[in-house]
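So in the numbering used here, spot 8 of the sequence shown is number 29, and the numbers just go up one at a time.
Virtual Cβ for every residue (Gly too), placed ideally from N, Cα, C.
Predicted model only: the values in this text are computed from it and were never measured.
Read through the structure below, which is laid out as structure tokens, and then see the notes.
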Amino acid sequence: MSQMPALSEKLNRPEVIEKSWVITLSGKRFNILKPDPEAVLLQDIACALARQARFNGHTRFFYSVGQHSCLGAEVAPTKDIARHMLFHDATEAYVGDLVSPVKALLPEFEIIESRIHWAIAQKFGLESPLPKVVKQIDKRLLATEVRDLITKDLKSWNIAEDEPFDFPIIPWPPEVTEARFLELAHGLLK
């Protein structure tokens, strides 16, 4: 496994690290600057991702990061890639998500996310960084989501007509997503 990415000098001050925690549904205190793999709980990830909207909520129907992750796992070509797809956005369970233009303006957020991803990868025995095929599947899912949940005008998103998957996306309620995420995780982590 890789080493945890280093923090910038600005984020590495003890007084900053000490105050950089969130409390999860399970009651665990999770430090976002000094993430501990032991503080990563599958139930916390499943619950949070099932209730967080993709695209910052800019879809015609509620559609969660958790469902996105489940669908990615279901279309993955191997069990190993399916595990990576299920957890590829799991950092968002602890720090939420920022739209890409905002992320680009905040390079420290990328460091924070990569440290949390490292802790999640350690907990579940995943590669860090992610295999390249994960990005390819993620891109096709994005195209499918845009087509089914935002606009049929794929050209406005620079998406080719043949890029989306053939299946339609039908949004699930959060409770269904959380249960499906846990079911997939239990099967993939055996």
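So, at 7 Å on beta carbons, what are the nonlocal neighbours of Phe130 in its own chain, with the 5 sequence-adjacent residues on each side left out?
Indexing the sequence shown from 1 puts residue 130 at position 109. Once the five neighbours on either side are set aside, the close Cβ partners of Phe130 are Leu119 and Lys124.
Tell me, please, which residues DSSP counts as bridged to Arg168.
On the sequence shown, residue 168 is found 147 positions in, with the first residue counted as 1. According to DSSP, Arg168 bridges with nothing at all.
Decide if Glu199 is buried, meaning its Cβ has at least 16 other Cβ atoms within 10 Å, or exposed.
Here residue 199 corresponds to residue number 178 of the sequence shown, with the count starting at 1. Glu199 should be labelled buried.
Given a threshold of 16 other Cβ atoms within 10 Å of its Cβ, counted over all protein chains shown, does Phe108 qualify as buried or as exposed?
Position 87 of the sequence shown holds residue 108. Result: buried.
Under 8 Å, with one C-beta from each stretch per pair, do the region 47 to 57 and the region 181 to 198 reach the 3-pair mark?
no
Taking DSSP as the reference, what is the three-state secondary structure of Val43?
In the sequence shown, the residue the question calls residue 43 occupies position 22. Strand at Val43.
Inter-residue Cα distance where the pair is Ser41 and Arg34
What you label residue 41 is simply residue 20 of the sequence shown in a count that begins at 1. What you label residue 34 is simply residue 13 of the sequence shown in a count that begins at 1. For Ser41 and Arg34, the distance between alpha carbons rounds to 11 Å.
Residue nearest to Pro150 in terms of C-alpha spacing, selected from Val116, Asp174, Lys31 and Glu134
As a position in the sequence shown, residue 150 is number 129, starting the count at 1. Here the closest residue by C-alpha is Glu134.
Please report the distance separating the alpha-carbon of Asn179 from that of Leu170.
The count along the sequence shown starts at 1 and reaches residue 179 at position 158. The count along the sequence shown starts at 1 and reaches residue 170 at position 149. Cα to Cα, the separation comes out at about 16 Å.
Can you tell which of Gln88, Met106, Glu184 and Pro122 has its C-alpha closest to the C-alpha of Trp193?
Taking the first residue of the sequence shown as 1, we reach residue 193 at position 172. Considering only alpha carbons, the answer is Gln88.
Mark Gln157 as exposed unless 16 or more other C-beta atoms lie within 10 angstroms of its C-beta, in which case mark it buried.
Sequence index remark: in the sequence shown, residue 157 carries index 136 (1-based). Gln157 comes out exposed.
Grab the span of the alpha helix (DSSP H) containing Phe145 for me, first residue to last.
Looking up residue 145 in the sequence shown gives position 124. It spans Pro128 to Phe145 - the alpha helix (DSSP H) in which Phe145 sits, taken as one unbroken run.
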